[in-house]
Each structure stands twice: as C-alpha cells, then as structure tokens.
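Per numbering that gives the first Met the number 0, the sequence shown starts with residue 0, numbered consecutively.
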Amino acid sequence: MNEFTYNSNSLYCENVSVNELADKYGTPLYIYSRAAIEGQIKSVATAFKEVSPLIAFSVKSNSNIGLLSVVKQAGAGADIVSGGELYRCLKAGISPQKIVFAGVGKSDEEIAYAIDNNIKLFNAESMEEMAAISRVAVSKKASANVSFRVNPDVDAKTHEKTTTGKKENKFGIPYEKAVEMYMAAAKLPGLIVSGIDVHLGSPIYTTEPYVAGINRLLPIIDELRKNGIPLKTLDIGGGIAIVYNDEKPFLPAELAEVTVPLIKKSGLECILEPGRFIAGNSGIMVSKVTYVKKTGYKNFVIVDAGMNDLIRPAFYGSYHGILPVVKNESRSNLKADVVGPICESSDCFAKDREIAEPLHGEYLSFMSAGAYGFTMASNYNTRRRPCELLVHGNKVSVIRKREEWADLIAGESVPE
Ligand code: LLP
C-alpha cells in the first residue's frame, strides 16, 4: 500500500496524518488515497495499452460517487450490477458509453433505466434475460447493445463464495449452448448482438484461468463470425488479486503478456472489469480501541468498528492487516482476537493475531479495505455507517459524512 506509509512512526495517507484525520473525523473511518486509485488504473492501462481497453471499474467494490469521479477523471468507465449503481455512475459523471451492465437478475425497471441512458452494453446471463432486454427495447423503440456472459467452466481457484466461472455457478450461459443461444438472440428485435463476456471469480492469483477462459471463447467468436454475427467486444471480466497478507499475485503487465496476444487474435475491442485491484489497497478503515479484555484464557482487543463496517473477515474469513496508527516501539506484542462490538461471535476481524499491545483510545488501521469495505457495510445493530474521506496530497475531502441517528430511521414510520 504505497500511499499508506509511516513517517516518524505515524501512519500517513499521502501527505496527511491518519491520526489527525481520526481525531478530527472520528472512527470508524474509511480513508482513500486518490494517488493510489489513479496509480492502479494507470498500471492496468499501461499494461494493456496495445489493445487500448475500456477499463470498466467494478462499482460493487467501491461505489462512493467521490471515488467514482476520480475513476472517471482517470479515463475509466464502469461495470455495474444494478440500477442503483447506474444512478451513482451518472451522478459521478461517468459517460454511459463507458458503462457495462452485468448480473443474473436485471429487472425490467433496471433494463429500462439503462436503455433510457444509452449504456454501452448489457452483459446478459440467460435467454430469458435477453428476451426481456429485447421486449423493453422494443417498447421504447430503441435498440440495445448486448453480449452474453459465457460460463466457460474454468476453475479460477478462488474462495468458494466468490468463484463464478464453473458450471455449477449461477453465472453466465452454458458453454455448449452458447452459439445456439447467440443465433437465437440475433433474431430478437431491439437487440444489437455485439459482444462476448467472461468473469471467472475474484480474487484470482494466477494468470492461467484468464488464458483458459479466453481460449474457450475464441472458437465461439469464430463460429459466430462464420454465421454472420460478427462481434465487437470481448470482456474478460475482473478478479485481479491484490496483496492482503503475503500473497504473490501477478502484475497487470504479466496478465497482459499472456492475454493480449489472445485478445488480438479475437480481433475484438477489449473490456476489463477490475474492482479490487483499483480500490482494495487504495483504502484503509481506521478504528479506535475501546477495551483490551484479558480473560486469562484469551485476549480480546475490542474496537469501535464491527462486522457491519467491514464484513470480509466475518463473511469469508478474509485476512486484513491490522496496524497501529501510531507505532510505539516500547510496546510488547499481544496475541489477541481483534473484535467488534456486534452481538455475534463472527464479529471478529482477526483470531490470535500478534499485534503491538494497544491502549484504550488508540487507533488501529485495517489495511486493504478500499474494496468491498464500505460497499458491504450495513446498519446491523443499528449502527451508523462510517464517514469516508478522500485524500489528495495535503487535501482532504469528506466524500460521505458519518450517518446521524436520524439517518438510521429515515423512511420509517410508526403506524397511526
Ligand atoms: N465483473 C463481474 C461480473 C463481477 O462479478 C465482479 C466481482 C467483478 C467484475 C470485479 O471483481 P474484482 O476485480 O473486484 O475482483 N465481496 C467479495 C468479492 C465479490 C466479487 C463479486 N464480483 C470480496 O469481498 O472479496
């Protein structure tokens, strides 16, 4: 996390002291680095420059409109999965012609909203959905660019909850039926059949699944060309992994080295959908130690953030580095579970983690929290969702203020 480094034992985000931000804005607190986001986008763009891809940032990883506006200014577009994400992208000024829409369950309302806004492409995941897009487009006397997400039955060797490209997963159309389904889709009114798409899972630590995935699509692309359905775009999805602990993921340049020749062979325009790679190590979550509880059997560091603020450890058993915001070399190490205040045993960020023993009131930074952090946060236990800050050099912008008590019951009412 290059933009989060210690300066005289104090953690900084770019040129700003995290300790001062936590004092000023309170905790739990998400902090993102603009330079980090831009740097990650640039590294993907540079690696793939030979095929000048559309980098469609996967909005599910971080959907704050302040962050999306940085993504937009860096030249990227968006991969969305809901009408809500489309709304956010439009508010952030992302051109609809850089937006691709994925997901197995798009509703008529969402399809209509996307057609009204003239998005670049729908990645459809079933014949039923293709028919729905056709029906909605015809009702609006419009035409929609569509592609099928093909399930290539390739194992991306990722977490069972986030693997998507195997035939037992709900995603995409069956590989064997792809050509037949394309031929049928080409006959539907209101559609311009123009692309093919694959997304294998997330996070993916090696390049082989991408190569295998694209290699599975090439014969389909050829077959369709022969049948008078020339495609325009090849979307190879997201999934590029990041370092959370001591993993050794590939670099974008290594992915480009093995995939660009295949992309060129396809003759199609390339779309990439990285989310985690752009946002993950561009953000941290800061929390304050409430108590250090020693039971004699176990030690617990209880912090003011809970699984509602960062659910990845509870949900997937994910590892997040936990570092002191201000290092104190005189502290000895403590082996402890780092836990939140939520009334669930799964409200645990780390089990038996060795950390420098913190004191009540000190801040801890949860690293690699920029992707699937705030976007998966909830109000469980009626907790206010955190504040989000964007740092740019010395400049700090509040891109989402901390929720207030009143926000917690907004829209609710007591019946007469
Ligand atoms: N494209 C599609 C169609 C996807 O389903 C996803 C992620 C992406 C792109 C972006 O993947 P990325 O580049 O961010 O790895 N909540 C989980 C991750 C779920 C990912 C779902 N789909 C987590 O916290 O690890």
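Glycine included, each C-beta is placed from N, C-alpha and C at the ideal position. Treat the numbers as computed from the prediction; the structure is a model and nothing was measured.
- DSSP places Ala46 within a helical segment (H, G or I) once states are collapsed to three.
- Annotated as proximal: Val302 and Val337, with beta-carbon spacing under 8 Å.
- When C-alpha distances from Thr232 are compared across Pro151, Ser62, Phe121, the shortest belongs to Phe121.
- About 4 Å separates the CB atoms of Glu2 and Ala35; that is less than 8 Å, so the two are in contact.
- Put simply, of Glu403, Gly76, Tyr174 the residue whose alpha carbon is nearest the alpha carbon of Phe147 is Tyr174.
- One Cα belongs to Leu223, the other to Glu246, and the distance between them is close to 39 Å.
- About 18 Å separates the CB atoms of Pro27 and Ser345; that is not less than 8 Å, and the two are not in contact.
- Pairing Gly372 with Ser281 gives a Cβ-Cβ distance that is not under 8 Å.
- Close CB contacts of Val50 within its chain, under the 7 Å cut and outside five residues either way in sequence, are with Val259, Ile262, Lys263, Cys269 (chain order).
- Under the DSSP definition of a beta bridge, Asp196 partners with Arg148, Asp234.
- Under the DSSP definition of a beta bridge, Leu53 partners with Ile270.
- Here Glu128 has Lys105 as same chain residues with Cβ atoms under 7 Å from its own Cβ, once five neighbours each way along the sequence are excluded.
- In this structure, Val69 keeps its C-beta atom at 8 Å or more from the C-beta atom of Arg87.
- Comparing alpha carbon positions, the residue from Phe249, Ala255, Ala184, Thr206 closest to Gly227 is Ala184.
- Judged by beta-carbon spacing, Thr157 lies within the 8 Å limit of Pro202, meaning their Cβ atoms are closer than that value.
- For Asp154, the distance from the CB to the nearest heavy atom of the ligand LLP is not below 7 Å.
- Ile79 and Ile98 have their C-alpha atoms roughly 7 Å apart.
- The beta-carbon distance between Leu190 and Ser142, rounded to whole angstroms, is 7 Å. This is short enough to meet the 8 Å contact definition.
- Collapsing the DSSP output to three states places Lys105 in coil.
- The straight-line gap separating the alpha-carbon atoms of Gly295 and Ser396 is approximately 44 Å.
- Under the rule that a run must span 3 or more residues, the beta strand (DSSP E) segments found entirely inside the stretch 353-413 read 362-365, 386-391, 394-399.
- At a threshold of 7 Å, His319 does not count as near the ligand LLP, since its beta carbon sits no closer than that to any of the ligand's heavy atoms.
- Here Cys342 carries a coil assignment [DSSP, helix/strand/coil].
- Around the beta carbon of Ile132, 16 or more other beta carbons sit within 10 angstroms, so the residue counts as buried.
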